[in-house]
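Enquirer: Quick one: this structure, given as structure tokens, is what I'll be asking you about.
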Amino acid sequence: MASAPSSSEPAPAEHRVADSGVRAGELRAGELHLPAAARELVKIVVVGPFGVGKTTLIDSVSEIRPLHTEEHLTQASTAVDDLDGVRDKKTTTVAIDFGRITLGGETVLYLFGTPGQERFRALWADIAYGALGALVLVDSRRLDASFDVLGLVEESGLTYAVAVNTFPDSRHYPEEQLRESLDLAPDTPLVECDARDRNSSVDALLALVEHLIDLDARAVAGEVRS
Numbered sequence: 001m002a003s004a005p006s007s008s009e010p011a012p013a014e015h016r017v018a019d020s021g022v023r024a025g026e027l028r029a030g031e032l033h034l035p036a037a038a039r040e041l042v043k044i045v046v047v048g049p050f051g052v053g054k055t056t057l058i059d060s061v062s063e064i065r066p067l068h069t070e071e072h073l074t075q076a077s078t079a080v081d082d083l084d085g086v087r088d089k090k091t092t093t094v095a096i097d098f099g100r101i102t103l104g105g106e107t108v109l110y111l112f113g114t115p116g117q118e119r120f121r122a123l124w125a126d127i128a129y130g131a132l133g134a135l136v137l138v139d140s141r142r143l144d145a146s147f148d149v150l151g152l153v154e155e156s157g158l159t160y161a162v163a164v165n166t167f168p169d170s171r172h173y174p175e176e177q178l179r180e181s182l183d184l185a186p187d188t189p190l191v192e193c194d195a196r197d198r199n200s201s202v203d204a205l206l207a208l209v210e211h212l213i214d215l216d217a218r219a220v221a222g223e224v225r226s
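If you count the sequence shown from 1, position 121 lands on 121 in the working numbering, and the numbers rise without skipping.
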């Protein structure tokens, strides 16, 4: 799958993420504070259908201990939540997941994961408020589950990138087929990732950030020409 275009071979993800000395999910005394070199603070929402891997991705990349608002799934929830394809899932996010990652030493991403179920859709506007972009996670085994989420993101006007989270039993589809199925614009970044893997998840976030930078540069160039 293609990622955001680059003029040169990209460095490995671990070289592009600030070395905080903290592994994903750990927190040491003093690490609550922002890196001294931080210049840009960016809010990003991580969205997608129920069970697609949003919590896992934030866990993988966060340089602070992630905040989770999870509850155990109960028998009562089966009447309102679609568990098709995620029968083994035992917990669910009921408000937000939150994490933080520093890219390149100067850009700090605040990651807000949204609940995937329809019954929590009312929280969407509040969670997305002030966000600069969205990373949309999709599951190729159930692409139709992503349609409503993509619709919400587009209605909100957020710039977004799409990351196909790979599962052990996922089929691989050509990029063109996925773009057509998801009705993506030609310039919308579409990448594969493994939400369990830090480097892979960082690359998905970088695809979004590079897309935001590219769009901003185009807008500035347009203003200069006019």
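Here a beta-carbon is modelled for each residue, glycine too, at the ideal position from N, C-alpha and C.
The structure presented is a predicted model; accordingly, all values stated were derived computationally and were not measured.
For the beta strand (DSSP E) containing Ile44, name the first residue and the last one.
Expert: Note, Ile44: beta strand (DSSP E), Glu40 to Val47.
Enquirer: Measuring only the C-alpha atoms, how far is Ala161 from Arg218?
Expert: Answer to the nearest angstrom: the Cα atoms are 17 Å apart.
Enquirer: Taking a contact to mean a Cβ-Cβ separation below 7 Å, would you say Ile96 touches Leu109 in this structure?
Expert: Not a contact, by the Cβ cut-off of 7 Å.
Enquirer: Using a 10 Å radius around the Cβ and a threshold of 16 neighbouring Cβ atoms, would you call Val220 buried or exposed?
Expert: Flag for Val220 reads exposed.
Enquirer: Given a threshold of 16 other Cβ atoms within 10 Å of its Cβ, counted over all protein chains shown, does Pro168 qualify as buried or as exposed?
Expert: Pro168 comes out exposed.
Enquirer: Does DSSP put Ala195 in a helix, a strand or coil?
Expert: Ala195: coil per DSSP, three-state reduction.
Enquirer: According to DSSP, is Phe167 part of a helix, a strand, or is it coil?
Expert: Note: Phe167 maps to coil in three-state DSSP.
Enquirer: Tell me Thr102's beta-bridge partners as DSSP assigns them.
Expert: DSSP output for Thr102 lists Val108 as bridge partner(s).
Enquirer: Please classify Ala79: is it buried, with 16 or more other beta-carbons within 10 angstroms of its beta-carbon, or exposed?
Expert: Confidence at Ala79 is low in this model, with a pLDDT of 43, below 50, so the placement of that residue should be treated as unreliable; the coordinate-derived value is given next. Exposed, since its Cβ has fewer than 16 Cβ neighbours within 10 Å.
Enquirer: Could you tell me whether the segment 135 to 152 touches the segment 41 to 52, using the rule of 3 or more Cβ pairs below 8 Å?
Expert: A contact exists between the segment 135 to 152 and the segment 41 to 52.
Enquirer: Per the DSSP calculation, Gly113 is bridged to which residue(s)?
Expert: According to DSSP, Gly113 bridges with Val46 and Asp97.
Enquirer: Which value, in whole angstroms, describes the spacing of the CA atoms of Trp124 and Pro174?
Expert: Using only the alpha carbons, I get a separation of about 31 Å.
Enquirer: Which partner residues of Thr159 appear in the DSSP bridge assignment?
Expert: DSSP lists Gly133 as partners of Thr159.
Enquirer: Just to confirm the assignment, what range does the alpha helix (DSSP H) spanning Ile127 have?
Expert: Its alpha helix (DSSP H) spans residues Trp124 to Ala128.
Enquirer: Excluding the five sequence neighbours on either side, which residues of its own chain have a C-beta within less than 8 Å of the C-beta of Arg171, listed in chain order?
Expert: Cβ within range, chain order: Ser140 and Arg141.
Enquirer: Using the Cα positions of Gly85 and Leu190, report the straight-line distance between them to the nearest angstrom.
Expert: Residue placement at Gly85 is poorly supported in this model, since its pLDDT is 49, which falls under 50; the coordinates are not used for a value here.
Enquirer: Starting from Thr55, trace the alpha helix (DSSP H) both ways and give me its first and last residue.
Expert: Per DSSP, Thr55 belongs to the alpha helix (DSSP H) from Lys54 to Val61.
Enquirer: Does Glu63 get closer than 7 Å to chain D when you measure Cβ to Cβ?
Expert: You won't find chain D in this structure, because it holds only one protein chain.
Enquirer: By how many angstroms is the C-alpha of Pro66 removed from the C-alpha of Gly53?
Expert: Roughly 14 Å between the two C-alpha positions.
Enquirer: Indicate the three-state DSSP secondary structure (helix, strand or coil) for Leu34 in the structure shown.
Expert: In the structure shown, Leu34 sits in coil (DSSP, three-state: anything other than H, G, I, E or B).
Enquirer: Quick check: what's the CA-CA separation for Leu103 versus Gly222?
Expert: Cα to Cα, the separation comes out at about 27 Å.
Enquirer: Buried or exposed: Ser146, going by 16 or more other Cβ atoms within 10 Å of its Cβ?
Expert: By the neighbour-count rule (16 or more Cβ atoms within 10 Å), Ser146 is buried.
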